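*Asks:* Here the sequence shown is numbered in this note's numbering, starting from 4 and rising by one per residue.
Sending over a structure as structure tokens; questions will come in a sec.
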Amino acid sequence: MKRINVILAFHAQEPLWDFPARVLESLRDGDVRREAVGNDNWVRKRAEAGRDIYADLLRAGERLGAPVCLEATNEVLMQIRRFMPDTFGRLGDAYRAGAIYPVYGNAFHTHIAMLTNAELADELRLNREFLRDVLGAPEPRHPGAFPMEGSIDAHKLAGFREAGMEYVIFPNLSERKARYRFEGLREGADPAHGAFTIDDGLIALPRHFPISQEIWRPITKWQPKRLVPQGYILGKFAVLDEEYRDGRTVDFPIGREQAVDEYARTLRGAVAGAPDGGLLLYIQDLELMDFGEEALEILVEAWERVRAERRAELRFTTPDEYIDDLRASGQALPHMWFHQASWAPEIRLVLRSDGHYPPLHAGAFRGADSDTEVFRRWPFIFWEPGRFIADAFRSLVASLGHDLRIPLSGAELDERGYDLDPSLDDGTKLALHLRAMQRACNFGWQPDEARHKWPYMHGLAICEILRAQLAAGEAGADAMRSFRPLPERALRGLDRVLEVIVDTRVAYLRRGIERLGERAGTPAERAEAEAHLQAAERRRRRASALARQLRAENGKFITNCPVDGRAVARLLALLQEHCREAYLAVNEIQRAWMRIRDTDGMIVEMYEYLYDLYPPLFPQILRDLATEDEVAAIEDPPLA
């Protein structure tokens, strides 16, 4: 009987939901403080509802008699400690008992598209210190990392090495959405079933796509009503990959037992396809977009069934044990050269604020195949909108002589919590704001969420700090001499990204209100919503005009005009006003939503609008911003 290694690994993250309120309190801008619409704290709300996915994870591991791997950001762990202290204590006990194995990740759920190697190493340091010094988790024999959002860049691997990582979890191997090649891979072998090396000997443990992603297929058919608010509306339009290929809706709803049966079939296929000694690595969001409990139920019962069938000896293990065995065997690992890889897209469509992204293997849709025409060209397409503001502010902060690393330990960051009190020095505040600006979920998939305005909020805070330093004469002559123009592409992008952050949202809300009619509200309520949409458009136009002024002012530095405090102050003032208008434009859209009575109906209207928006808008924006050399690199990127 063949023996198969199974690693169950989970990713947990939640933004610091209370942090925006603290940032707003620190701002001098009275209009922004007064007008800002807040947000719920979902960690606290789930705790108050008695939902504890972390305790559910421990029970799942106990039931299977399997260690479970967990990568959790500092952000989520800090909130568990505050709102679920008993659970935090149980997690620490589980780490120390070996029931949970630590995989490291980024402290702030930042995305590699926006980070430098030094920032990546700093993120991993903060997470490692928190697990060790606050949670009390022992360090593994072989430290390893889960790249945020399953996104890894071959040209940004030095950060993992600097942080002492021996392995990374590799998100997916599909030539339809990534470019790579292997050396030393045995003919006919599937690289998804075992480790390989990347970079200078860094071990990659590949995520097994079917067992990781196919958990969503039965959940989608089992819980169709609950998934409507997330844009997965079975029966209305294609959602799953086979619906695109077959041109028909899948049978739904199904029952719980049928859901377990379907996932068990996926596991049987994976076990049958794995070689003796092979690896099946499951990695998925623990919360699973609010379906974590259902996922764990299905996962545990399906594995129990497959294990009882004795088709293979299943060894539920950890990366430590697996890597120990690899090294003891003395076998040479294949090596992979690649460009970028991400776990997006997967088996369901994504409707984002710039339009419709069909799932992996959907094939041609309305004459275009998004696998090869979008995701293979831009593997980080969902997070590229954040690159513009992050690149602009990173350049600005570094040019004025500030370190991009956070000068706190993981324990000190936890003690600070959400506070930005006066005792915190400006350099630390700048680093914290910049890091929070680079978070992956600021540019999340839900097209109606408010998190898109958070980067602008952090931009406002950074500008206020830097302008105060300039006014006080704290930016010395050395800083002025070292000042560099902001990246031109970033400034052009600040303007163009408003098309997908503001324009499409205004458009679908306006159309939705018209189509819903009285269901949207009384005539007065609809008029008030329209007034907010018009205010959003006015602010968006001002933000665009300010971005153009910013480019003109920045151009003076490019032409070697003297750099002095007044010139930098003008640049900062324009950038601050741009962030202010963009922030308040999104805020006005939120206020329009708040005037709509039939929000369920509006959600459906929104997704109908975005389903029809194909090809999506953002890939063409990226192409418009690229130089000829960059376009050539998009089509044939360098592998490393």
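Ideal Cβ positions, reconstructed from N, Cα and C, are used throughout, including at glycine.
Bear in mind that the values here come from a model prediction, so they are computed numbers and not experimental data.
Would you report the Cα separation of methionine 151 and glycine 520, rounded to the nearest angstrom?
*Replies:* The alpha-carbon atoms of methionine 151 and glycine 520 are separated by roughly 42 Å.
*Asks:* Ends of the alpha helix (DSSP H) at glutamate 611?
*Replies:* That run of the alpha helix (DSSP H) goes 602-615.
*Asks:* Taking only beta-carbon positions, decide if methionine 168 is within less than 7 Å of chain B.
*Replies:* Within the model displayed, chain B is absent; a lone protein chain is all it includes.
*Asks:* Using only alpha-carbon positions, find the residue among Asp244, Gln552, Glu418 and Pro348 that is nearest to glutamine 579.
*Replies:* When only C-alpha atoms are compared, the closest one is Gln552.
*Asks:* Which one or two residues does DSSP pair with valine 9 in a beta bridge?
*Replies:* The partner list for valine 9 (beta bridge, DSSP) reads Leu283 and Phe319.
*Asks:* Do you know how far the Cα of glutamate 349 is from the Cα of tyrosine 104?
*Replies:* Approximately 26 Å, taken between the alpha carbons.
*Asks:* Take leucine 160 as the anchor and find which of Glu190, Leu205, Gly197 and Val137 has the nearest alpha-carbon.
*Replies:* Nearest option by C-alpha distance: Leu205.
*Asks:* How long is the line joining the alpha carbons of lysine 224 and glutamate 300, rounded to whole angstroms?
*Replies:* Computed Cα separation, rounded: 15 Å.
*Asks:* Helix or strand or just coil, what does DSSP make of leucine 123?
*Replies:* DSSP places leucine 123 in helix when its eight states are reduced to three.
*Asks:* Considering only DSSP beta bridges, list what glutamate 343 is partnered with.
*Replies:* For the sequence presented, residue 343 should be read as glutamine rather than glutamate. Glutamine 343 is bridged to Asp156.
*Asks:* Residues in the same chain with beta-carbon distance under 8 Å from leucine 415, minus the five sequence neighbours each way, listed in chain order, please.
*Replies:* Rather than leucine, the amino acid found at residue 415 in this sequence is glutamate. None.
*Asks:* Can you tell me whether arginine 487 is buried or exposed? The criterion is at least 16 other CB atoms within 10 Å of its CB, across all chains shown.
*Replies:* Result: exposed.
*Asks:* Tell me which residues share the same chain as glycine 101 and place their Cβ nearer than 8 Å to its Cβ, disregarding the 5 neighbours each side in the sequence.
*Replies:* For glycine 101, where only same-chain residues beyond five positions count, the Cβ hits under 8 Å are Pro70.
*Asks:* On the three-state DSSP scale, how would you describe tyrosine 57?
*Replies:* Helix.
*Asks:* My output table needs one value for leucine 473: the three-state DSSP class, helix, strand or coil.
*Replies:* Leucine 473: helix per DSSP, three-state reduction.
*Asks:* Assuming glutamate 556 and leucine 574 make a contact with CB atoms under 8 Å, what is their CB distance in whole Å?
*Replies:* Right, the Cβ-Cβ distance comes to about 5 Å (below 8 Å), so this counts as a contact.
*Asks:* Compute the Euclidean distance between the alpha carbons of alanine 365 and valine 634, then round it to the nearest angstrom.
*Replies:* Taking the straight line joining both Cα atoms gives about 25 Å.
*Asks:* Using the DSSP secondary-structure output, state which residues sit across from valine 79 in a beta bridge.
*Replies:* Answer by DSSP bridge pairing: none, since valine 79 is not bridged.
*Asks:* Can you tell me which of the three DSSP states histidine 114 falls into?
*Replies:* Three-state DSSP puts histidine 114 in coil, outside helix and strand.
*Asks:* Would you tell me roughly how many angstroms separate the C-alpha atoms of glutamate 608 and leucine 134, rounded to the nearest one?
*Replies:* Going from the Cα of glutamate 608 to the Cα of leucine 134 covers about 44 Å.
*Asks:* Can you give me the Cβ contacts of histidine 461 inside the same chain, cut-off strictly under 6 Å, excluding the 5 residues immediately before and after it?
*Replies:* Hits under 6 Å: His436, Ala439 and Met440.
*Asks:* When we look at the beta-carbon of alanine 12 and count the other beta-carbons within 10 Å, is it buried (16 or more) or exposed?
*Replies:* Classification for alanine 12: buried.
*Asks:* Restricting to runs no shorter than 4 residues, where is the alpha helix (DSSP H) found entirely within the segment 522-607?
*Replies:* Qualifying alpha helix (DSSP H) stretches, in chain order: 526-561 and 568-597.
*Asks:* Which partner residues does histidine 14 have in the DSSP bridge list?
*Replies:* In DSSP, histidine 14 forms a bridge with Glu74 and Asp288.
*Asks:* Among Asn109, Lys5, Thr119 and Gln233, which has the Cα closest to the Cα of glutamate 452?
*Replies:* Among Asn109, Lys5, Thr119 and Gln233, the Cα nearest to that of glutamate 452 is on Gln233.
*Asks:* Could you pull the DSSP bridge partners for leucine 407 from this structure?
*Replies:* DSSP output for leucine 407 lists no bridge partner at all.
*Asks:* To which residues of the same chain is leucine 577 closer than 7 Å at the C-beta, ignoring the five residues directly before and after it?
*Replies:* Once the five neighbours on either side are set aside, the close Cβ partners of leucine 577 are Leu549, Gln552, Leu553 and Glu556.
*Asks:* With a 10 Å radius around its C-beta and 16 neighbouring C-beta atoms as the bar for buried, classify serine 373 as buried or exposed.
*Replies:* Buried, by the Cβ-count rule.
*Asks:* Inspect the beta-carbon positions of asparagine 44 and aspartate 21 and report whether they are closer than 7 Å.
*Replies:* Result yes, Cβ atoms of asparagine 44 and aspartate 21 sit closer than 7 Å.
*Asks:* Are the CB atoms of methionine 168 and alanine 148 nearer to each other than 7 Å?
*Replies:* Their beta carbons are under 7 Å apart, which means methionine 168 touches alanine 148 by this criterion.
*Asks:* Mind checking which residues open and close the beta strand (DSSP E) that includes proline 209?
*Replies:* Start and end: 205-209.
*Asks:* According to DSSP, simplified to helix, strand and coil, what is threonine 630?
*Replies:* Three-state result, threonine 630: coil.
*Asks:* What number of angstroms, rounded off, separates the C-alpha of alanine 192 from the C-alpha of aspartate 244?
*Replies:* About 26 Å.
*Asks:* Are the segment 489-496 and the segment 383-403 touching by the rule of at least three beta carbon pairs closer than 8 Å?
*Replies:* Verdict: yes, contact present.
*Asks:* Distance, Cα to Cα, arginine 379 vs glycine 92?
*Replies:* So the alpha carbons of these two residues sit roughly 43 Å apart.
*Asks:* Going along the chain, which unbroken runs of the beta strand (DSSP E) with 3 or more residues stay wholly within the segment 154-199?
*Replies:* Counting whole runs of 3 or more residues, the segment 154-199 contains the beta strand (DSSP E) stretches 170-173 and 183-186.
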